[in-house]
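Student: Residue numbers for the sequence shown follow my numbering, so the first one is 136 and each next one is one higher. Take a look at the following structure, please.
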Amino acid sequence: MPKSIRIGDGIVKDIALIVVLFVLLVPSIAYPAFERMVSDPQAMGMGQVGMLTRRSGGFLSNPALGYGPSLGVWWEQPYGLKELQSERLVASLPVRNIGLGVSLSRMGDDIYQEQSALISGCTPLSDRVMIGLSAAANIVRISGLPTGRAAVFNAGAIGEITESITAGFAWNNFTRSSLSNYQDELPTSLGIGALAQVDETTRLGVEAEQPRGFPMELRVGVSNQVLKQLTVRAGARFNPSEYTAGFSVKHRAASLHYALLWHGELGASHTIGFDLFFR
């Protein structure tokens, strides 16, 4: 393994950092800066299908996803790597006809760390259409290198096609923002999806997302409310190929979520979440 690699205009000389950046940046398993911070346990359990499912923190997948007053925390450790461990706080609050969302997150360790603060808002365009916009302030800190900063903007819309079918899109980083002091821009993608309410307890979702500079990603997922307090999920994500499963346990206003993601080469990722809904 080389003793140094070039990232942007800087030289990286730490072996541990090289390993982390390899996982983040190699195209076959590519996860550019801030891509890994989008996951939440409910979407992950459905193969990352989350563009149209209303839930705590759903505005991170699509700014048009409004939700009632709630507060949630998430924890994730991708592929067993403590260097990529992340924590996130999410909050939603409807104000008149606007659904507001706020998120604070951190991923990494003392060598490589990503931080993000995001605010989101959505409003109805008509009885069947919601539109939304979000803005995030992102910071990347790499030991021995300059700090990178960027402002990122995302947009989305959701429409009810029928009583049981919903469709929509999410356009992430539509301004194609880049980190200061670094050459590569942050992830930019356009995704579309559809969600069907198969029956009273079962949902089926399909999404396609085209990241700029990477192959199209396909996602499919299903959820079933087995009991009033228990929902189970399963799904798959292709390019790369990953398979997921998860569940949620609800008691009154509190919900506990867990999701497992399996990558054939990298192994398992675990995500845990807890949220409170305030009536």
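Glycine included, each C-beta is placed from N, C-alpha and C at the ideal position. Keep in mind that this is a model prediction, so the values were computed, not measured.
Which same chain residues end up closer than 6 Å to G192 when comparing Cβ atoms and leaving out the 5 residues on each side of it in sequence?
Tutor: What you label residue 192 is simply residue 57 of the sequence shown in a count that begins at 1. Contacts found: D175, G207, V225.
Student: Measuring alpha carbon to alpha carbon, tell me which of M181, D245, N232, E218 ends up nearest G201.
Tutor: One-based indexing of the sequence shown puts residue 201 at position 66. For G201, the nearest C-alpha among the options comes from N232.
Student: Name the DSSP bridge partner or partners of P350?
Tutor: Here residue 350 refers to the residue found at position 215 when the sequence shown is read from its first residue. According to DSSP, which records beta bridges pairwise, P350 is partnered with nothing at all.
Student: So L268 and A302 are supposed to be a Cβ contact under 8 Å. How far apart are they, rounded?
Tutor: Sequence index remark: in the sequence shown, residue 268 carries index 133 (1-based). Sequence index remark: in the sequence shown, residue 302 carries index 167 (1-based). No, L268 and A302 are not in contact; Cβ-Cβ is about 19 Å, not under 8 Å.
Student: I296 to V275, Cα distance in whole Å?
Tutor: The sequence position of residue 296 within the sequence shown is 161, counting from 1. The sequence position of residue 275 within the sequence shown is 140, counting from 1. One C-alpha to the other measures close to 40 Å.
Student: So what does DSSP say about H405, is it helix, strand or coil?
Tutor: Indexing the sequence shown from 1 puts residue 405 at position 270. If DSSP states are grouped into helix, strand and coil, H405 belongs with the strands.
Student: Residue range of the beta strand (DSSP E) that Q212 falls in?
Tutor: Taking the first residue of the sequence shown as position 1, residue 212 is located at position 77. 205-212 is the extent of the beta strand (DSSP E) around Q212.
Student: Of all the options S376, L411, A369, T336, which has the alpha carbon lying nearest to the alpha carbon of L395?
Tutor: The count along the sequence shown starts at 1 and reaches residue 395 at position 260. The candidate whose alpha carbon is nearest that of L395 is A369.
Student: Under 8 Å Cβ to Cβ from M351, same chain only, skipping five residues before and after it: list those, please.
Tutor: By 1-based counting over the sequence shown, the position of residue 351 is 216. A343, E344, Q345, N374, listed in sequence order.
Student: Does D410 pass the burial test, meaning 16 or more other C-beta atoms within 10 Å, or should it be called exposed?
Tutor: To locate residue 410, count along the sequence shown from 1; it is residue 275. Under this definition D410 is a buried residue.
Student: Nearest CA to the CA of Y393: which residue from E211, S196, R263, I277?
Tutor: Translated into positions along the sequence shown, residue 393 becomes position 258. Closest option to Y393, Cα to Cα, is E211.
Student: Can you find the residues in the same chain that come closer than 6 Å, C-beta to C-beta, to G185, ignoring five residues on each side of it along the sequence?
Tutor: Walking along the sequence shown from the start, residue 185 turns up at place 50. Taken in chain order, the residues that qualify are A178, S196.
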